[in-house]
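The structure under discussion appears below in the form of structure tokens.
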Amino acid sequence: MTFVTRLTLQSGDRAALDGIVDDIKTSAERKGAALKGPHSHPPEKLSVPQRCRLHGDDHRRFDSWDYTVFTRELEIHGHDSLARNIASQNFPDSVHIEAEVEQIHGAGRGN
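For the sequence shown, the UniProt record's numbering begins at 1 and goes up steadily by one.
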């Protein structure tokens, strides 16, 4: 029985994101883990409207706050301890990480 850990990392700071992805790749290579990725998604450009005042009667606005979110995905096959160690690290506040674990059953095995 094998576990596949999918890591999704997102950040508005591309340099910080790429640095963390490089660290994960280095750790996986050092441990001999099977790693797929990183897979890059197209940058997502977001815009947030900003009001001048908090109460709803005032319709004046500042310019919108525009920012870009960069996303990288990686898969670690097996090496559960490595995946657990990576997912539990303290990452900078500018980087968001999600971990999804899937259990893969071998061929020919029943439920």
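From the three backbone atoms N, C-alpha and C, an ideal C-beta is built for every residue, glycine too.
CA-to-CA distance, residue j to residue i, given in whole angstroms
| i | j | result |
| --- | --- | --- |
| Asp-47 | Arg-61 | As written in the sequence, residue 47 is Ser, which differs from the Asp given in the question. Their backbone Cα atoms lie some 13 Å apart in a straight line. |
| Asp-23 | Pro-38 | 12 Å |
| Pro-42 | Leu-82 | 28 Å |
| Gln-103 | Phe-3 | 5 Å |
| Leu-35 | Lys-25 | 8 Å |
| Asp-18 | Asp-57 | 43 Å |
| Ala-87 | Ser-40 | 19 Å |
| Asn-85 | Ala-99 | 11 Å |
Nearest-angstrom beta carbon gap, residue j and residue i [assumed within contact, 8 Å]
| i | j | result |
| --- | --- | --- |
| Ser-94 | Asp-13 | 4 Å |
| Thr-71 | Thr-5 | Actually they are not in contact, since the Cβ atoms of Thr-71 and Thr-5 sit about 17 Å apart, beyond 8 Å. |
Simplified DSSP state of residue i, which is helix, strand or coil
| i | result |
| --- | --- |
| Ala-33 | coil |
| Ser-11 | strand |
| Ser-64 | strand |
| Arg-53 | coil |
Among the options, the one whose alpha carbon lies nearest that of residue i
| i | options | result |
| --- | --- | --- |
| Arg-30 | Asp-66, His-79, Pro-49 | His-79 |
| Glu-44 | Gln-10, His-96, Pro-92 | Gln-10 |
| Ala-33 | Glu-75, Asp-57, Ala-99, Arg-51 | Glu-75 |
| Ala-16 | Pro-49, Arg-51, Ile-97 | Ile-97 |
| Asp-66 | Pro-49, Val-101, Arg-53 | Pro-49 |
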